[in-house]
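At position 21 of the sequence shown (counting the first as 1) the number is 20 in numbering that gives the first Met the number 0, and the numbers step up by one without a gap.
Where is the CB? At the ideal position from N, CA and C, for every residue including glycine.
So the structure is just underneath, and the comments pick up after that.
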Amino acid sequence: MPTFVVSLRLPDAFDEDFIALIPRHRAVINRLLSEKVIETYAISADRSRGWVTINGDDEAAVQAVVEQFPLYHYLHGVEIDELFIFDSTASRFPLISLN
């Protein structure tokens with residue numbers, strides 16, 4: 000299954016409605032992580048940008064996943080790019096310990 004990286008921009012200011020959606024948003028992200036739909040989820044330290052690595056059949060399937068995010072309507076500049084290579088320490092076999 001192809002892997003895509005989704006780049007997104009968060010709003011400049013977070014209003015009360017945005018903040019109220021964060022727990023629900025995190026629950027959806029955590030569920031998708033446990034289901035291995037999302038591989039990685041990151042938000043920049045200044046909370047202006049985010050990156051999500053998503054497994055999906057095609058760009059439309061990934062777009063449908065992103066649209067499930069409770070904060071979707073607050074996101075700006077959502078870009079989806081299919082990855083040719085995606086390698087990470089998390090996807091490798093664990094190191095063998097002889098202890």
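key: Range of the contiguous alpha helix (DSSP H) that encloses Val65   = 58-66
query = Do the CB positions of Phe3 and Glu58 come within less than 8 Å of each other?
reply = yes
inquiry  = Buried or exposed, going by whether 16 or more other CB atoms sit within 10 Å of the CB of Phe68?
reply    = buried
message = Using 8 Å for Cβ pairs, my map puts Ser6 next to Trp50. What's the rounded Cβ distance?
response = 6 Å
message = Taking 8 Å as the threshold (C-beta atoms), are Tyr71 and Val65 in contact?
response = yes
ask   = Using a Cβ-Cβ cut-off of 7 Å (strictly less than) and excluding sequence neighbours within five positions of Ser47, which residues of its own chain qualify?
value = Arg8, Leu9
ask   = Helix or strand or just coil, what does DSSP make of Ala19?
value = helix
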